[in-house]
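Here the structure comes first, spelled out in structure tokens, and everything after it is commentary.
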Amino acid sequence: MKKIVELKNASVQVNNGFDEIKTILDEVNLEIYEHDFLTILGGNGAGKSTLFNVIAGTLMLTSGSISILGEDVTNLPAEKRAKYLSRVFQDPKMGTAPRMTVAENLLIAKYRGEKRRFSPRKILAHKEEFSQLLTKIGNGLERHLDTPTGLLSGGQRQALSLLMATLKRPELLLLDEHTAALDPKTSLSLMRLTDEFVTGDSLTALMITHHMEDALKHGNRLIVMKDGKIVKDVNHDEKSKMEIADYYQFFE
Numbered sequence: 001m002k003k004i005v006e007l008k009n010a011s012v013q014v015n016n017g018f019d020e021i022k023t024i025l026d027e028v029n030l031e032i033y034e035h036d037f038l039t040i041l042g043g044n045g046a047g048k049s050t051l052f053n054v055i056a057g058t059l060m061l062t063s064g065s066i067s068i069l070g071e072d073v074t075n076l077p078a079e080k081r082a083k084y085l086s087r088v089f090q091d092p093k094m095g096t097a098p099r100m101t102v103a104e105n106l107l108i109a110k111y112r113g114e115k116r117r118f119s120p121r122k123i124l125a126h127k128e129e130f131s132q133l134l135t136k137i138g139n140g141l142e143r144h145l146d147t148p149t150g151l152l153s154g155g156q157r158q159a160l161s162l163l164m165a166t167l168k169r170p171e172l173l174l175l176d177e178h179t180a181a182l183d184p185k186t187s188l189s190l191m192r193l194t195d196e197f198v199t200g201d202s203l204t205a206l207m208i209t210h211h212m213e214d215a216l217k218h219g220n221r222l223i224v225m226k227d228g229k230i231v232k233d234v235n236h237d238e239k240s241k242m243e244i245a246d247y248y249q250f251f252e
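The sequence shown begins at 1 in the UniProt record's numbering and counts up by one.
Structure follows, in structure tokens:
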């Protein structure tokens with residue numbers, strides 16, 4: 001099976017401002033394979049976001065290595081890793097350009113990572129295609145192609161961010177607590193859409209969540225983190241036999 005990401009002894013140490021060195025990622029070893037859908041659980045300060053940041057390249061390792069599709073990217077900055085991955089953030093404002101319309105945002109996502117020359121946008125030529133894409137989401141976004149994204153609801157914006165992140169079928173999709181800022185009903189709807197996109201298009205994805213129910217229901221692997229370490233890596237067979245009470249025991 002194709003290995004998408006491999007972390008070897010990945011560690012991050014930071015100065016906490018009091019001349020003390022704090023380890024926020026501690027000798028992490030992790031292999032992620034094609035079509036894996038990993039859900040990641042852990043309390044505050046467990047190292048979940050740090051793990052995402054070192055994979056994305058927004059935070060550099062102090063020691064250890066990381067490779068994506070066999071390429072050593074340990075010292076590559078985020079912009080050099082962008083060809084491999086997409087990320088949906090917790091804040092719905094992070095994934096879209098607020099003053100640009102829905103159609104304009106989708107056009108950026110469509111040509112993401114490609115070399116561009118100065119040429120007319122030809123946005124009208126894409127409107128039918130974009131309208132059909134948005135109809136699949138089912139929250140009325142297809143009626144807002146010409147609406148600036150800053151005027152959309154948080155749920156609509158996050159659904160658009162998810163669509164933009166998956167439009168070019170990234171090698172790795174990072175879902176960084178992407179439902180946390182939404183109300184329960186909208187969160188449920190977005191998770192249904194996420195599952196559709198990830199499993200339907202056979203994407204490889206990592207999802208940080210604080211919702212035990214989402215971690216139980218979605219994904220084929222479960223990672224539990226504590227104090228910068230991976231303390232549990234549960235495979236599909238084990239995960240399918242677990243109940244919500246088993247998840248709460250991880251935090252006792």
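The beta-carbon is built from N, C-alpha and C at its ideal position, and this holds for glycine as well.
Next on the checklist: What does the alpha-carbon distance come out to for the pair ILE230 and ILE223?
Outcome noted: Position 230 of the sequence shown holds residue 230. Position 223 of the sequence shown holds residue 223. When rounded, the distance between both Cα atoms is 7 Å.
Checklist entry - Does the Cβ of ASN75 have 16 or more other Cβ atoms within 10 Å, making it buried, or fewer, making it exposed? => result Translated into positions along the sequence shown, residue 75 becomes position 75. With a 10 Å radius around the Cβ and a threshold of 16 neighbouring Cβ atoms, ASN75 comes out exposed.
Checklist entry - What separation, rounded to the nearest whole angstrom, lies between the Cα atoms of ALA46 and SER86? => result Mapped onto the sequence shown, residue 46 falls at position 46. Mapped onto the sequence shown, residue 86 falls at position 86. Cα to Cα, ALA46 sits roughly 23 Å from SER86.
Checklist entry - Applying the criterion that 16 or more other CB atoms from any shown protein chain within 10 Å of the CB defines a buried residue, is residue 262 buried or exposed? => result Coverage of the chain is limited to positions 1 through 252, which leaves residue 262 absent and any answer about it impossible.
Item to check | Range covered by the alpha helix (DSSP H) that runs through ALA159 | outcome: Taking the first residue of the sequence shown as position 1, residue 159 is located at position 159. 154 to 166 is the span of the alpha helix (DSSP H), which, as asked, contains ALA159.
Checklist entry - By Cβ distance, which residues of its chain are closer than 8 Å to TYR33, with the 5 residues on each side in sequence left out? => result Here residue 33 refers to the residue found at position 33 when the sequence shown is read from its first residue. Once the five neighbours on either side are set aside, the close Cβ partners of TYR33 are MET1, LYS2, LYS3, ILE4, THR204.
Item to check | Segment limits, alpha helix (DSSP H) that includes TYR248 | outcome: Translated into positions along the sequence shown, residue 248 becomes position 248. 244 to 249 is the span of the alpha helix (DSSP H), which, as asked, contains TYR248.
Checklist entry - Of the choices PRO184, HIS218, LYS232, ALA109, whose alpha-carbon is the least far from that of LEU175? => result Counting from one through the sequence shown, the residue named residue 175 turns up at place 175. Cα-wise, what sits closest to LEU175 is HIS218.
Next on the checklist: At the level of alpha carbons, what is the spacing between LYS48 and GLY70?
Outcome noted: Indexing the sequence shown from 1 puts residue 48 at position 48. Indexing the sequence shown from 1 puts residue 70 at position 70. Cα to Cα, LYS48 sits roughly 23 Å from GLY70.
Checklist entry - Skipping 5 residues on each side, what residues in its chain have a beta carbon closer than 7 Å to that of ASP36? => result Counted from its first residue, the sequence shown places residue 36 at position 36. For ASP36, the CB contacts under 7 Å within the same chain, skipping 5 residues up- and downstream, are THR204, ASN220, ARG221 in chain order.
Next on the checklist: With distance defined between alpha-carbon atoms, name the residue in VAL198, LEU41, SER131 nearest to GLU104.
Outcome noted: As a working mapping, residue 104 is identified with position 104 in the sequence shown. Closest in C-alpha terms to GLU104, from the list VAL198, LEU41, SER131, comes SER131.
Item to check | Under 8 Å between C-beta atoms of SER65 and ASP72 | outcome: The count along the sequence shown starts at 1 and reaches residue 65 at position 65. The count along the sequence shown starts at 1 and reaches residue 72 at position 72. Cβ atoms of SER65 and ASP72: closer than 8 Å.
Checklist entry - How is ILE123 classed by DSSP in three states: helix, strand or coil? => result What you label residue 123 is simply residue 123 of the sequence shown in a count that begins at 1. Three-state DSSP puts ILE123 in a helix.
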